[in-house]
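Here the protein sequences line up with chains A and B, keeping their order.
Following our numbering, the numbering of the first sequence begins with 11 at its first residue and continues without gaps.
Following our numbering, the numbering of the second sequence begins with 17 at its first residue and continues without gaps.
C-beta atoms are modelled at their ideal positions from N, C-alpha and C, and glycine is treated no differently.
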Amino acid sequence: MVTLTIDGKEVKVPQGTTILAAARTAGIRIPTLCYHGRLDPIGSCRMCVVEIEGIAHPMAACTTPVEEGIAVISNSDRIQRIREDSLKLILVNHPLDCPICDKGGECLLQDLVYEFGIDKVEYQAPKPARESLYATPLIRYWPDRCVMCLRCVTACREIKGIGAIEIKGEGYGSQVVVIDAEKCQSCGECLSVCPTGALTENLSRFKGRPWLVERVPTTCTYCGCGCQLELNVQNNRVIGVTTQEGKGVNLGSLCVKGRFGYEFIGSDERLTTPLIKKDGEFKEASWEEALTLVAERFGAIKEEFGPDAIGGLSSARCTNEENYLFQKFMRGVIGTNNVDHCARL
Amino acid sequence: MAEILFSSWGGEVVDNRSKEPQEYETASKVSLPEYFQQNEEIKALIGWYGIVLRTSEVNIVDLCRTYMEAIQEKSCGKCFLCRIGTKVIADTLGRMCRGKGRQADLEILARLAESISESSKCNIGQSGPLPLRHALEYFADDFALAANGGAAIPAGTYRSKLTAPCMDACPIHLDIPTYVECIKEGKFQESLDVIRERLPLPGVVGRVCVRPCEEHCRRTNLDEPISIKFLKRFVSDYELEKNKEPHYLVEAAEKTGSVAIVGAGPAGVTCAYHLARKGHQVTIYEKLGEPGGMSAVGIPDYRLPRQILRGEVEQVQKLGVTIHYDTQVGKDIKLSQLEADNDAVFIAHGAHLSSAMRVEGENDGYKGFITGVQYLLDINLGKDPYPEGKKVVVVGGGNVAIDCVRCSFRVNKPDVNLVYRRTRNEMPADEVEIHDAEEEKVVFHYLTQPIKVIAENGKVVGLQCIKMELGEPDESGRRRPVPVEGSEFIIDCDIVVPAIGQTIDLSMLEGIDKVETTRWNTIVVNEFTKQTENPKIFCAGDCQTSPGALITACAGGRTAAINIDKLINGLNLEAAEDDYFDKLFDVVKVYDPAEDIGFLGGRARYQLEMLPPDTRKWTFDEVEKGFSPQEAMAEADRCLRCYRVATIAVTEATS
Ligand SMILES: Cc1cc2nc3c(=O)[nH]c(=O)nc-3n(C[C@H](O)[C@H](O)[C@H](O)COP(=O)(O)OP(=O)(O)OC[C@H]3O[C@@H](n4cnc5c(N)ncnc54)[C@H](O)[C@@H]3O)c2cc1C
Ligand code: SF4
Ligand code: SF4
Ligand code: SF4
Ligand code: SF4
Numbered sequence: 011m012v013t014l015t016i017d018g019k020e021v022k023v024p025q026g027t028t029i030l031a032a033a034r035t036a037g038i039r040i041p042t043l044c045y046h047g048r049l050d051p052i053g054s055c056r057m058c059v060v061e062i063e064g065i066a067h068p069m070a071a072c073t074t075p076v077e078e079g080i081a082v083i084s085n086s087d088r089i090q091r092i093r094e095d096s097l098k099l100i101l102v103n104h105p106l107d108c109p110i111c112d113k114g115g116e117c118l119l120q121d122l123v124y125e126f127g128i129d130k131v132e133y134q135a136p137k138p139a140r141e142s143l144y145a146t147p148l149i150r151y152w153p154d155r156c157v158m159c160l161r162c163v164t165a166c167r168e169i170k171g172i173g174a175i176e177i178k179g180e181g182y183g184s185q186v187v188v189i190d191a192e193k194c195q196s197c198g199e200c201l202s203v204c205p206t207g208a209l210t211e212n213l214s215r216f217k218g219r220p221w222l223v224e225r226v227p228t229t230c231t232y233c234g235c236g237c238q239l240e241l242n243v244q245n246n247r248v249i250g251v252t253t254q255e256g257k258g259v260n261l262g263s264l265c266v267k268g269r270f271g272y273e274f275i276g277s278d279e280r281l282t283t284p285l286i287k288k289d290g291e292f293k294e295a296s297w298e299e300a301l302t303l304v305a306e307r308f309g310a311i312k313e314e315f316g317p318d319a320i321g322g323l324s325s326a327r328c329t330n331e332e333n334y335l336f337q338k339f340m341r342g343v344i345g346t347n348n349v350d351h352c353a354r355l
Numbered sequence: 017m018a019e020i021l022f023s024s025w026g027g028e029v030v031d032n033r034s035k036e037p038q039e040y041e042t043a044s045k046v047s048l049p050e051y052f053q054q055n056e057e058i059k060a061l062i063g064w065y066g067i068v069l070r071t072s073e074v075n076i077v078d079l080c081r082t083y084m085e086a087i088q089e090k091s092c093g094k095c096f097l098c099r100i101g102t103k104v105i106a107d108t109l110g111r112m113c114r115g116k117g118r119q120a121d122l123e124i125l126a127r128l129a130e131s132i133s134e135s136s137k138c139n140i141g142q143s144g145p146l147p148l149r150h151a152l153e154y155f156a157d158d159f160a161l162a163a164n165g166g167a168a169i170p171a172g173t174y175r176s177k178l179t180a181p182c183m184d185a186c187p188i189h190l191d192i193p194t195y196v197e198c199i200k201e202g203k204f205q206e207s208l209d210v211i212r213e214r215l216p217l218p219g220v221v222g223r224v225c226v227r228p229c230e231e232h233c234r235r236t237n238l239d240e241p242i243s244i245k246f247l248k249r250f251v252s253d254y255e256l257e258k259n260k261e262p263h264y265l266v267e268a269a270e271k272t273g274s275v276a277i278v279g280a281g282p283a284g285v286t287c288a289y290h291l292a293r294k295g296h297q298v299t300i301y302e303k304l305g306e307p308g309g310m311s312a313v314g315i316p317d318y319r320l321p322r323q324i325l326r327g328e329v330e331q332v333q334k335l336g337v338t339i340h341y342d343t344q345v346g347k348d349i350k351l352s353q354l355e356a357d358n359d360a361v362f363i364a365h366g367a368h369l370s371s372a373m374r375v376e377g378e379n380d381g382y383k384g385f386i387t388g389v390q391y392l393l394d395i396n397l398g399k400d401p402y403p404e405g406k407k408v409v410v411v412g413g414g415n416v417a418i419d420c421v422r423c424s425f426r427v428n429k430p431d432v433n434l435v436y437r438r439t440r441n442e443m444p445a446d447e448v449e450i451h452d453a454e455e456e457k458v459v460f461h462y463l464t465q466p467i468k469v470i471a472e473n474g475k476v477v478g479l480q481c482i483k484m485e486l487g488e489p490d491e492s493g494r495r496r497p498v499p500v501e502g503s504e505f506i507i508d509c510d511i512v513v514p515a516i517g518q519t520i521d522l523s524m525l526e527g528i529d530k531v532e533t534t535r536w537n538t539i540v541v542n543e544f545t546k547q548t549e550n551p552k553i554f555c556a557g558d559c560q561t562s563p564g565a566l567i568t569a570c571a572g573g574r575t576a577a578i579n580i581d582k583l584i585n586g587l588n589l590e591a592a593e594d595d596y597f598d599k600l601f602d603v604v605k606v607y608d609p610a611e612d613i614g615f616l617g618g619r620a621r622y623q624l625e626m627l628p629p630d631t632r633k634w635t636f637d638e639v640e641k642g643f644s645p646q647e648a649m650a651e652a653d654r655c656l657r658c659y660r661v662a663t664i665a666v667t668e669a670t671s
């Protein structure tokens with residue numbers, strides 16, 4: 011264990027802990043923008059710089075491991091100036107489109123600018139001509155809103171192991187670009203870690219503000235993994251899917267289906283009652299009617315041709331437990347071993 | 017060196033602006049050469065440690081503008097303050113130079129310069145605005161004028177260059193900060209691509225390089241240098257382990273030709289690699305049956321497993337390079353023939369003759385007297401040089417001598433001695449190598465000079481030596497050893513291996529025009545192009561520099577390839593701007609071991625696991641195990657990314 015002080019408070023943490031993590035265990039807040047709990051520290055925003063007694067240079071708390079006996083000062087006039095300058099520089103040419111930004115209300119940049127009370131920016135630079143070089147049918151990139159924190163690039167590489175996007179270019183003209191479009195799975199990991207509205211979901215654009223939606227925690231129905239997600243519901247309509255960092259078996263990650271495949275829920279074409287074919291045409295029926303019909307027919311077929319005339323196929327969208335029950339039903343109730351699973355086909 | 021009008025380099029302020037020339041103070045932290053290229057005078061320098069002005073002709077605002085534009089151009093975009101802040105600064109300075117300055121600009125420049133240098137992620141942002149801060153402080157009047165609607169300032173002529181301490185020290189100038197950063201980010205293949213832009217032998221160099229880069233690593237000022245060499249080895253091992261096929265950038269030149277290369281050592285192979293990537297037809301003629309030169313038959317396998325070397329040379333062959341083995345130029349084929357049949361010839365046949373010790377008995381052909389080069393050659397070809405001999409004395413203090421002693425155990429010679437005429441402190445061999453040899457229990461005889469090889473019946477039975485003591489320093493600065501009278505003694509032994517140096521066999525040059533040699537038997541070339549006086553013949557590596565380091569040989573091979581390509585394409589063979597910057601950086605140092613970095617340090621470098629001394633000393637198995645991906649990434653994370661830019665103001669020479 012290493013002992014240090016932060017703002018005079020003694021903290022003991024294991025060797026290798028960063029100053030930021032040490033501060034968090036001590037309940038001391040150091041502002042961050044690019045830091046994300048699931049990613050290796052990036053160190054792009056410099057919001058977390060702190061002073062250390064006897065060390066001339068401010069150090070980034072997120073990337074600096076603690077040392078025995080150091081005295082960290084989490085804020086000072088100098089540190090405040092640096093943090094303000096970092097934010098002010100981000101605001102040079104940042105579009106004022108918070109009113110139409112899907113992230114408005116839960117944007118980390120908005121929060122920090124508010125916290126630091128930045129009401130004017132004296133710095134100027136011509137607007138860089140950035141193209142939107144990075145988009146999929148499901149994900150939209152707004153280059154002007156991008157602060158280049160590199161969370162997306164890091165998440166695609168570290169969490170997904172893909173590395174489809176990278177930062178390219180020089181200086182102020184650098185931007186996030188796709189380096190390998192083939193590799194991108196449109197999984198939206200990048201989008202989920204973006205602290206600003208620079209990456210937004212195409213399907214949900216302009217459908218509802220974050221503070222108006224209700225977030226209903228549930229389990230993804232697409233496969234048996236059991237990923238935890240939140241349906242964003244407004245007026246009884248699902249208008250998006252979000253996750254919470256580190257939550258559930260998926261730790262907040264989803265695949266393209268889980269994140270974007272929710273429109274079927276409110277689709278007009280979706281069946282809401284069972285259908286029974288009568289005189290060559292499907293007619294709406296009650297569950298009672300439908301289940302009775304199926305039970306009768308299974309019984310009759312089994313009577314006449316034996317249980318092996320019936321086979322069962324279950325779905326990868328069921329949980330393990332449901333699949334277990336299904337084979338139990340086929341074997342115990344129907345009496346056949348003719349049971350299989352779509353994932354094997 | 018001409019006088020300096022003003023300097024803030026390294027925090028030392030020398031201000032002669034209001035003095036008469038005879039009262040000028042001199043700057044102790046920097047000197048500035050008078051010329052950049054032959055016809056260009058250096059008027060000012062702005063860079064990582066400050067500003068140096070030679071005359072008041074240079075406009076300080078314009079100098080800062082150019083420099084900050086260069087910084088902005090080199091900013092990688094990975095942190096906020098440098099990416100945007102240096103743009104704001106460069107633009108503001110640009111406006112001031114156009115005569116459109118505003119009073120508020122001064123405050124903006126000062127505040128941003130401070131914030132950026134205090135908090136940027138890497139040294140571009142940290143060192144970039146530093147000289148601007150000096151300028152604002154010491155040239156306040158010039159800035160005030162420009163901020164208050166002064167006239168437009170005519171743009172001067174400038175040259176800028178990006179460098180880094182490690183990168184500058186590396187003879188082939190590998191882009192170390194970038195390849196290390198790629199490893200930190202887990203992009204191992206990209207890291208290799210960066211290395212291979214210049215060097216085809218990452219696995220070899222990643223094991224045995226003498227690593228001048230690490231000696232100039234800025235992290236040393238905080239704790240310990242980055243393990244630059246082993247990180248290179250790591251990415252190369254990773255590719256092998258994952259069975260990935262390397263990919264190379266091949267871009268054929270407009271005109272291609274045929275080139276003959278003498279010697280498949282590091283210089284020859286590197287030259288072939290670069291020429292092949294440009295589409296030229298390359299044939300290498302190699303005396304031995306094996307590629308690699310001294311890295312194969314000098315450096316022992318426990319430091320550099322042979323399959324690593326062979327594998328990397330094979331990759332070069334896959335690019336279309338032909339190697340004729342067992343073909344000695346000068347004997348099996350004449351150099352004049354190669355000259356006649358090809359567009360260019362590159363000579364890189366190394367230094368394979370052993371230097372004489374000048375002691376009695378060394379030329380008498382005794383059994384058991386074996387030169388270091390021959391001793392290692394035999395061992396590396398799988399032979400015991402003299403099975404009868406069991407007690408070995410090696411003479412010399414360099415890496416070759418250490419290889420000879422350490423190899424002796426491995427061919428089952430348990431009694432191993434090393435004789436060196438100075439002390440351990442003066443030994444030129446790599447510290448790590450000396451330490452490893454000590455661990456393996458070599459007996460070191462320091463301050464000992466051989467005087468006579470003693471033989472009976474034509475066989476070595478001992479080496480007569482004399483004790484030495486250190487006297488006055490010689491011209492190399494090392495204290496000269498002088499014999500202690502009457503201190504002669506004999507070391508009993510049956511093998512004596514002189515390993516005090518190698519010289520160059522020049523016999524193949526017979527009948528060749530205009531290839532000059534020096535009195536040290538090296539071949540004379542143009543330092544920038546590696547071309548000899550004979551325009552078709554180029555030369556580099558040990559035979560041009562005298563025995564040196566592998567990476568220097570590779571660097572020479574690369575330079576020769578670039579210029580052979582130019583020759584074939586009818587272009588002028590002139591030194592490039594980069595070459596002149598290299599010269600400049602010999603004087604204006606990129607690395608200052610005394611720099612106080614002012615960071616929190618204390619992160620020790622990751623060490624490689626090694627086989628224990630008493631197991632390893634009897635086998636040729638590789639001694640050091642490589643990094644795991646996690647270790648490599650953690651080690652790479654220690655890198656401070658010390659990129660920095662220098663800008664100089666130049667004017668055409670008046671005389
Ligand atoms: C024992 C030993 C250990 C060393 N250890 C290190 C180390 O740890 N790190 C390091 O950086 N450097 C080391 N060096 C130095 C390094 O190996 C050399 O500087 C480097 O190999 C020089 O490369 P080169 O291509 O110029 O010449 P060489 O490597 O000598 O290659 C020349 C090639 O030309 C061939 N040749 C010679 N004559 C002819 C001819 N007439 N016709 C055709 N072919 C010919 C030779 O057979 C050889 O293959 C060591 C050297 C020795 C001897
Ligand atoms: S959608 Fe997924 S794969 Fe595509 S860039 Fe984003 S994180 Fe990478
Ligand atoms: S798109 Fe979002 S996550 Fe990616 S760099 Fe821009 S702001 Fe950061
Ligand atoms: S060059 Fe260095 S200081 Fe500049 S943006 Fe990149 S990481 Fe930041
Ligand atoms: S810390 Fe990194 S960039 Fe700096 S000198 Fe060392 S290896 Fe080079």
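So with Cβ pairs under 8 Å, would you call residue i a contact of chain A?
i                : result
glutamate 134(B) : yes
leucine 125(B)   : no
leucine 247(B)   : no
Does the Cβ of residue i lie closer than 7 Å to at least one heavy atom of ligand 2?
i                 : result
isoleucine 175(A) : yes
glutamate 199(A)  : yes
glutamine 195(A)  : yes
Is DSSP giving residue i helix, strand or coil here?
i                    : result
aspartate 289(A)     : coil
valine 123(A)        : helix
alanine 591(B)       : coil
serine 176(B)        : strand
arginine 354(A)      : helix
tyrosine 83(B)       : helix
phenylalanine 597(B) : helix
Is it the case that the CB of residue i approaches a heavy atom of ligand 5 more closely than 7 Å?
i                 : result
isoleucine 199(B) : no
Quick one: is residue i near chain B, going by C-beta distance under 8 Å?
i               : result
threonine 74(A) : yes
leucine 264(A)  : no
histidine 46(A) : no
Check whether the Cβ of residue i lies closer than 7 Å to any heavy atom of ligand 4, and answer yes or no.
i              : result
glycine 141(B) : yes
glycine 93(B)  : yes
Can you determine whether any heavy atom of ligand 1 sits closer than 7 Å to the C-beta of residue i, and answer yes or no?
i               : result
tyrosine 622(B) : no
glycine 586(B)  : no
Would you list the residues sitting across from residue i in a DSSP beta bridge?
i             : result
valine 540(B) : Paired residues: none, contrary to the question.
Is the region 56-64 of chain A in contact with the region 75-91 of chain A, if contact means three or more CB pairs nearer than 8 Å? Flag = yes, the region 56-64 of chain A and the region 75-91 of chain A touch.
Would you be able to state if there are at least three C-beta pairs under 8 Å between the region 647-662 of chain B and the region 169-180 of chain B? These segments touch.
Any chance the region 556-563 of chain B sits against the region 276-295 of chain B, with 3 or more Cβ pairs inside 8 Å? Output reads yes: the region 276-295 of chain B touches the region 556-563 of chain B.
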